[in-house]
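First comes the structure, then the notes that go with it.
There are 2 protein chains.
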Amino acid sequence: MIELVGLDADDTLWHNEPLYTRRRERFHDLLARYEPEGVLDDRLYEVELRNLQHFGYGVKGFVLSMIETAIEITGGRLESADVRTIIDWGRDMLASPTELLDGVGEALEALGKQLPMILITKGDLLDQQSKLARSGLGHHFKGIEIVSEKDARVYTNVMARYGVPPEGFVMVGNSLRSDILPAIEAGAHAVYVPYEMSWIHERV
Amino acid sequence: MIELVGLDADDTLWHNEPLYTRRRERFHDLLARYEPEGVLDDRLYEVELRNLQHFGYGVKGFVLSMIETAIEITGGRLESADVRTIIDWGRDMLASPTELLDGVGEALEALGKQLPMILITKGDLLDQQSKLARSGLGHHFKGIEIVSEKDARVYTNVMARYGVPPEGFVMVGNSLRSDILPAIEAGAHAVYVPYEMSWIHERV
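Line order of the protein sequences matches chains A and B. Quick note on numbering: the working numbering labels position 18 of the first sequence as 18, and the sequence is numbered without any gaps. Quick note on numbering: the working numbering labels position 96 of the second sequence as 1096, and the sequence is numbered without any gaps.
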């Protein structure tokens, strides 16, 4: 019997990936005049992946990875005005409105009448707290768990913290890699709610 | 009667500010050849303060603030090799060993026999989790609370989460601004353990 529902936030409750996708496009435009060599997207993803262990998920790590990629791909010709532009994008992303997916408010309202819910999300602490506050959804949740990675061990710890056995827990999210497979590995249930796009790192 | 002890981490359990102080000095050296105008320390602190609300506490925000300050103070002459150097410092800081203050291991051992303890720290999620793991102190704590700010409301929430009344809680830390005054404002007790140096932002 299900006793507790865990919900992912980014691209499950609110739109997130489009924010990054738009910046990746502008990053292309910004660097076009340097006539960079190689495939920009591949280089950026390489740098992001290399930096994940150091900088973690979220906007600040993304900004640092864009700057590093830009320096590499322009062979050091990158001008500091462009570095500044990239940092400004970061501040914009962190301040941009949290747009809920259609029907999320109603769904949480209905689900909350049946079962207690917690939010489990990766990313920057301040960024995720701020998005949750701006979303107006905070009151639905019994607890907020902002974690640096989502693996089976993390789900096991969260379930223990709330005193729920794996068979009493269901995780809901848009990422097979972060929300579905590790929750199942931890013995819990999972509901996959695909989003229209996903970061290549979240694909399996 | 005290039922639960909250402990700060940076500069209470392990050295942290010296890591930043050393980088501020190298930042000076790095920019010296640009012959910057104005007082570098003041400018950096201004930018850090301006960015706190966007980027929060921690290494990544510090790195972004150093880059921005460097661009400003060199009038855009900053070379991308130096941007890269600053980003490399960030990775170094995030990977540098966690050096415990003298006697911390013994103190936690002794205290833990008397009372349950929790760790309450500001900063980047991944950074703080990683420092705690490297410190080898994690097993002492009943809970780890990584928060984006330490104010009376946050202390009230933490006490509620652990089911402890304010008069049953004592907060121990090196920052009057973050550890002592807000805990007292929330009705709890506090023990001030001064550290040899403090970031100007933590002074009252």
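We put the beta carbon where it would ideally sit given N, CA and C, even for glycine.
Taking 8 Å as the cut-off, the Cβ atoms of residue 5 of chain A and residue 158 of chain A do not count as close. Proximity of chain B to residue 55 of chain A at the Cβ level (cut-off 7 Å) is accounted for by 1060, in chain order. Using a Cβ distance threshold of 8 Å, residue 1132 of chain B and residue 1118 of chain B do not count as a contacting pair.
Listed by position along chain B, the residues whose Cβ is nearer than 9 Å to that of residue 81 of chain A are 1071, 1076. For residue 14 of chain A, the three-state secondary structure derived from DSSP is strand. Residue 5 of chain A: not part of any alpha helix (DSSP H); member of the beta strand (DSSP E) spanning 4-7, first to last residue. At least one CB of chain B lies nearer than 8 Å to the CB of residue 68 of chain A.
For residue 199 of chain A, same chain residues with a beta-carbon under 8 Å away, outside a window of 5 residues either side, are 17, 20 in chain order. Residue environment analysis places residue 99 of chain A among the exposed positions, since fewer than 16 neighbouring C-beta atoms fall within 10 angstroms of its C-beta.
Taking residue 1111 of chain B as the centre and dropping the five residues before and after it, the same chain places the C-beta of 1005, 1117 closer than 7 Å to its C-beta, in chain order.
Residues of chain A with a Cβ closer than 9 Å to the Cβ of residue 1132 of chain B do not exist, since the nearest Cβ in that chain sits about 11 Å away. Counting of Cβ neighbours within 10 angstroms places residue 165 of chain A among the exposed residues, the total staying below 16.
Chain-order list of chain A residues neighbouring residue 1063 of chain B: 64, by C-beta distance under 8 Å. Sequence-ordered contacts of the stretch 132-166 of chain A with chain B read 146, 148 [C-beta pairs closer than 7 Å]. When the five nearest sequence neighbours on each side are left out, the beta carbons in the same chain lying within less than 6 Å of the beta carbon of residue 1104 of chain B are those of 1013, in order along the chain. Look at residue 192 of chain A here: in three-state DSSP terms it is strand. Secondary structure at residue 131 of chain A: helix, using DSSP grouped into helix, strand and coil. Excluding its 5 nearest sequence neighbours in each direction, residue 1177 of chain B has C-beta neighbours in its own chain below 6 Å: 1202, 1204, listed in chain order. In the structure shown, residue 1066 of chain B adopts helical secondary structure according to DSSP, grouped into three states.
Using a Cβ-Cβ distance cut-off of 8 Å, the stretch 1035-1046 of chain B and the stretch 1121-1132 of chain B are not in contact, since fewer than three pairs of beta carbons, one from each stretch, lie closer than that value. Linking residue 1073 of chain B to residue 1136 of chain B through their CA atoms gives a straight-line distance of about 41 Å. Taking a Cβ-Cβ cut-off of 8 Å, the neighbours of residue 1087 of chain B in chain A comprise 64, 67, 68, given in sequence order.
Around the beta carbon of residue 155 of chain A, a 10 Å sphere encloses 16 or more other beta carbons of the protein chains shown; the residue is thus reported as buried.
The DSSP-derived three-state label of residue 1121 of chain B is strand. Within chain A, the residues whose beta carbon sits less than 7 Å from that of residue 1094 of chain B are 54, listed in sequence order.
With respect to the C-alpha of residue 1183 of chain B, the residue from B/1194, B/1193, B/1170 having the closest C-alpha is B/1170.
Here residue 1112 of chain B carries a helix assignment [DSSP, helix/strand/coil]. Here residue 81 of chain A is exposed: its Cβ has fewer than 16 other Cβ atoms, across all protein chains shown, within 10 Å. Counting along the chain, the unbroken beta strand (DSSP E) around residue 1145 of chain B starts and ends at 1141-1147.
The straight-line gap separating the alpha-carbon atoms of residue 1138 of chain B and residue 1061 of chain B is approximately 25 Å. For residue 124 of chain A, same chain residues with a beta-carbon under 7 Å away, outside a window of 5 residues either side, are 58, 59, 60 in chain order. By the neighbour-count criterion, in which a residue is buried when 16 or more other Cβ atoms sit within 10 angstroms of its Cβ, residue 2 of chain A is exposed.
Take the alpha-carbon of residue 195 of chain A and the one of residue 15 of chain A: they are about 9 Å apart. Of the residues assessed, residue 38 of chain A falls on the exposed side of the cut-off, its CB having fewer than 16 other CB atoms within 10 angstroms. Exclusion of the five residues before and after residue 49 of chain A leaves 201 as the residues of its chain whose Cβ lies within less than 8 Å of its Cβ.
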